[in-house]
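Going down the list, the sequences are from chains C and L. Each residue of the first sequence is one higher than the one before, counting from -11 in my numbering. Each residue of the second sequence is one higher than the one before, counting from -11 in my numbering. A short worksheet on the structure shown next.
Protein chains: 2
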Amino acid sequence: MAQFKRIAVIGAGLIGGSIVLAAARRGLAGSLACWSRSESSRSTLRSFNVAEVFDSAAECVKGADLVVVTTPVDTAEATFLAIAPFLAPGAVVTDAGSVKVAIQLAARRLPSLNPFIGAHPMAGGEKAGAAHASANLFENRVCFITPSGQDDPRALALVRIFWKELGSTLTETAAAQHDEIVAAISHLPHAAAAALILAVMDQPGFRLEAAGQGLRDATRIAAGEENLWVGILLANARHTAEGLRAVEHRAAQLRQAIEGQDATTLRRLLAEARIARQALDLNS
Amino acid sequence: MAQFKRIAVIGAGLIGGSIVLAAARRGLAGSLACWSRSESSRSTLRSFNVAEVFDSAAECVKGADLVVVTTPVDTAEATFLAIAPFLAPGAVVTDAGSVKVAIQLAARRLPSLNPFIGAHPMAGGEKAGAAHASANLFENRVCFITPSGQDDPRALALVRIFWKELGSTLTETAAAQHDEIVAAISHLPHAAAAALILAVMDQPGFRLEAAGQGLRDATRIAAGEENLWVGILLANARHTAEGLRAVEHRAAQLRQAIEGQDATTLRRLLAEARIARQALDLNS
Chain C
-11 MAQFKRIAVI
-1 GAGLIGGSIV
9 LAAARRGLAG
19 SLACWSRSES
29 SRSTLRSFNV
39 AEVFDSAAEC
49 VKGADLVVVT
59 TPVDTAEATF
69 LAIAPFLAPG
79 AVVTDAGSVK
89 VAIQLAARRL
99 PSLNPFIGAH
109 PMAGGEKAGA
119 AHASANLFEN
129 RVCFITPSGQ
139 DDPRALALVR
149 IFWKELGSTL
159 TETAAAQHDE
169 IVAAISHLPH
179 AAAAALILAV
189 MDQPGFRLEA
199 AGQGLRDATR
209 IAAGEENLWV
219 GILLANARHT
229 AEGLRAVEHR
239 AAQLRQAIEG
249 QDATTLRRLL
259 AEARIARQAL
269 DLNS
Chain L
-11 MAQFKRIAVI
-1 GAGLIGGSIV
9 LAAARRGLAG
19 SLACWSRSES
29 SRSTLRSFNV
39 AEVFDSAAEC
49 VKGADLVVVT
59 TPVDTAEATF
69 LAIAPFLAPG
79 AVVTDAGSVK
89 VAIQLAARRL
99 PSLNPFIGAH
109 PMAGGEKAGA
119 AHASANLFEN
129 RVCFITPSGQ
139 DDPRALALVR
149 IFWKELGSTL
159 TETAAAQHDE
169 IVAAISHLPH
179 AAAAALILAV
189 MDQPGFRLEA
199 AGQGLRDATR
209 IAAGEENLWV
219 GILLANARHT
229 AEGLRAVEHR
239 AAQLRQAIEG
249 QDATTLRRLL
259 AEARIARQAL
269 DLNS
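As structure tokens, this is what we get:
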């Protein structure tokens, strides 16, 4: 049974396109609408043949009872301003941004009649764009919901239903806590993978043709689209910068143990790293 | 047709066990012998049922015309000393160590009648021990051969045949050049992945249950056995320390751009990283 009358997805790239596909497959809404800034994404979205595709965000949100904003993090405020005058009274707004404090602040731009509940599905990848969208993208993936503590209970219930119906496993936490968690498990790893591939290219011994799976895996996430990641890292600057400082410190510790031929310290650090890494697999 | 009368593998864990399996499958020798320090590896090797398994390295090398040393890098010299008195005159010695200058120096401990040609198959993984051995481990993987420039031509030809017959793609380079290359593509990524997982664990926001594939991939190689890696990193100390210094520098650049909300610099660094990482895939 359709839980929503009409769902509008604003900024349908990888995440938004996957929402459209997943919502269609699960019959989550009477009708689906979506908008993308890019003509090529709109063309891809049209080819899915499951949603009305708009070339204006304002037109797209009209008549929707749930609006999902999936534009890049640094354009969230502009998006909220653009759609605000056209939202149906009572329409609930959620998003999929990788940071939550900044977006919760930006959502103050929405009319008071339109409750906002932030969300962050931990899905995606280094390939951007609706062309890589998949109806399964959210299945069994963690989706953070970040209630403010003063939310409209009906809006919160609807947003929970929406993300759960897409297949996600919900985790509810305050926006500030969310940003600290994803800094550690996502934003820091992204920045560190970028630092590593840049450092590898700096080495006189680097030979592209000799690179193996280890280097590929260690740096895979650094292939992510920089225009998305600039916004994410700057919007979560404090935690990400702290994390990078820790990478600098740990790299220096390892380097000093190596320079000093200090096998005992080096063994201890590598053993700690191995045990920490193995714990990730035990939990998967 | 068997290319060798008898091949002895000294220190048969993941790499040595895989050599035994691959050599047996390809009928590379009239007979196979192997030794491991560990009783559990010996028991695994016996279960393969393709090689005579010894509990003494000295006994193992007797009568072999090719001896492959696959003990950890930091025990190479002790291994050469232990087998030296028992090598058949003219028996050729090769190895599979991840560093080559240090092992070439250690190989001076071998009798002058026993030519040594260093090698390094770029195969393996974070799972150590003969129990993870596979006859396919070397297939289509790069194997470095590091001639000294003054090698016995017969020995060099035999070592080339041996590694090629296991399925490897041979790359010949001087030992010093080899060590610089693998520092960039293997030793530095390993140390950096260790630094990253340690830094992630340092973050107050870290939640094991929220960790996703990005963090898992970025740190996978850090699950490697520290007792192997201490020897490798210390034996290739200069290049690995230089690489870690570059990681520290690049992480600091990213951090400073983030702290300064400098979107232009951050976008440039992330774009360089993306392009560099995408080049790895184009080449794979």
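Backbone N, C-alpha and C fix where the C-beta goes; we use that ideal spot for every residue, glycine too. Small disclaimer: the values here were computed from a predicted structure and weren't measured.
key: Contacting residues, own chain, Cβ-Cβ under 6 Å from C/R30 (five flanking each side not counted)   = S24 and V41
message = Can you confirm whether L/L216, when its beta carbon is compared against all beta carbons of chain C, has any partner nearer than 7 Å?
response = no
request  = Answer with yes or no whether the minimum CB distance from C/G137 to chain L is below 7 Å.
outcome  = no
query = So what does DSSP say about C/D62, is it helix, strand or coil?
reply = helix
request  = Pick helix, strand or coil for L/L154, following the three-state DSSP scheme.
outcome  = coil
Chain C contact for L/P82 (CB, 7 Å cutoff) = Checking the sequence shown, residue 82 of chain L turns out to be Thr, not Pro. Not an interface residue.
request  = May I ask you to verify whether the region 159 to 173 of chain C touches the region 186 to 195 of chain L, counting CB pairs closer than 8 Å and requiring at least 3?
outcome  = yes
message = Using C-beta distances below 6 Å, list every residue in its chain close to C/N224, excluding the 5 sequence neighbours before and after it, in chain order.
response = V87, D167, A171 and H175
inquiry  = On the DSSP letters alone, give me the boundaries of the alpha helix (DSSP H) that C/E320 sits inside.
reply    = Here chain C has residues from -11 to 272 only, and residue 320 of chain C is not among them.
key: Interface partners of L/V235 on chain A, CB under 7 Å   = No chain A appears in the structure shown, which is made up of the protein chains C and L.
inquiry  = Check whether chain L comes within 7 Å of C/I133, counting only Cβ atoms and requiring the distance to be less than that.
reply    = no
request  = Count the other C-beta atoms from every protein chain shown that fall within 10 angstroms of the C-beta of C/T59, then say buried if there are 16 or more, exposed otherwise.
outcome  = buried
Start-end ranges of the alpha helix (DSSP H) lying completely within the region 100 to 188 of chain L, minimum 4 residues = 141 to 153 and 163 to 170
ask   = In chain order, what residues of the same chain have a beta carbon less than 8 Å from the beta carbon of C/T67, not counting five sequence neighbours either side?
value = I(-2), G(-1), A45, V57 and T59
inquiry  = Mapping the DSSP letters down to three states, classify L/G18 as helix, strand or coil.
reply    = strand
query = Under a three-way DSSP split, which group does C/F74 fall into?
reply = helix
task = State the beta-bridge partners of C/F68 as determined by DSSP.
result = Paired residues: none, contrary to the question.
key: Beta-carbon contacts of C/H120 that lie in its chain and below 6 Å, excluding the five residues immediately before and after   = L2
Identity of the residue in L/A(-10), L/A79 and L/A11 nearest L/A123 by Cα = L/A11
key: Residues, ordered as in the chain, of the region 60 to 81 of chain C that lie near chain L by beta-carbon distance below 9 Å   = D62
message = Can you give me the C-alpha to C-alpha distance between L/R243 and C/G85, rounded to a whole angstrom?
response = 21 Å
task = Determine the contact status of L/M110 and L/V89, defining contact as a CB-CB distance below 7 Å.
result = no
ask   = Anyone know if the C-beta pair for L/V80 and L/P99 falls short of 7 Å?
value = no
inquiry  = Once DSSP output is grouped into helix, strand and coil, what is the label at C/L276?
reply    = Nothing about residue 276 of chain C can be reported from this structure: the residues present for chain C run from -11 to 272 only.
inquiry  = Rounded to the nearest angstrom, what separates L/A52 and L/A229 at their Cα positions?
reply    = 39 Å
key: Cβ of L/I220 within 7 Å of any chain C Cβ   = no
request  = Tell me where the alpha helix (DSSP H) around L/R265 begins and ends.
outcome  = A251 to L270
task = Following the continuous beta strand (DSSP E) through L/E213, name the residue where it begins and the one where it ends.
result = Where L/E213 is concerned, there is no enclosing beta strand (DSSP E), given that its DSSP letter is neither H nor E.
inquiry  = From the DSSP secondary-structure annotation, give me the bridge partner or partners of C/F42.
reply    = C/W23
task = Check the Cβ-Cβ distances between C/V130 and every residue of chain L, and say whether any is below 7 Å.
result = yes
ask   = Is the distance from the Cβ of C/T32 to the Cβ of C/A118 below 7 Å?
value = yes
query = Apart from the five residues on each side of it in sequence, which residues of its chain come closer than 8 Å, Cβ to Cβ, to C/A116?
reply = G1, L2, G212, E213 and L216
ask   = Which word fits C/G200, buried or exposed, when buried means at least 16 other C-beta atoms lie within 10 angstroms of its C-beta?
value = buried
task = Please confirm if C/D140 has its CB atom under 7 Å from at least one CB of chain L.
result = no
query = If we cut at 7 Å on Cβ distances, does C/R262 have a partner in chain L?
reply = yes
key: With 16 other Cβ atoms within 10 Å as the buried cut-off, status of C/Q92   = buried
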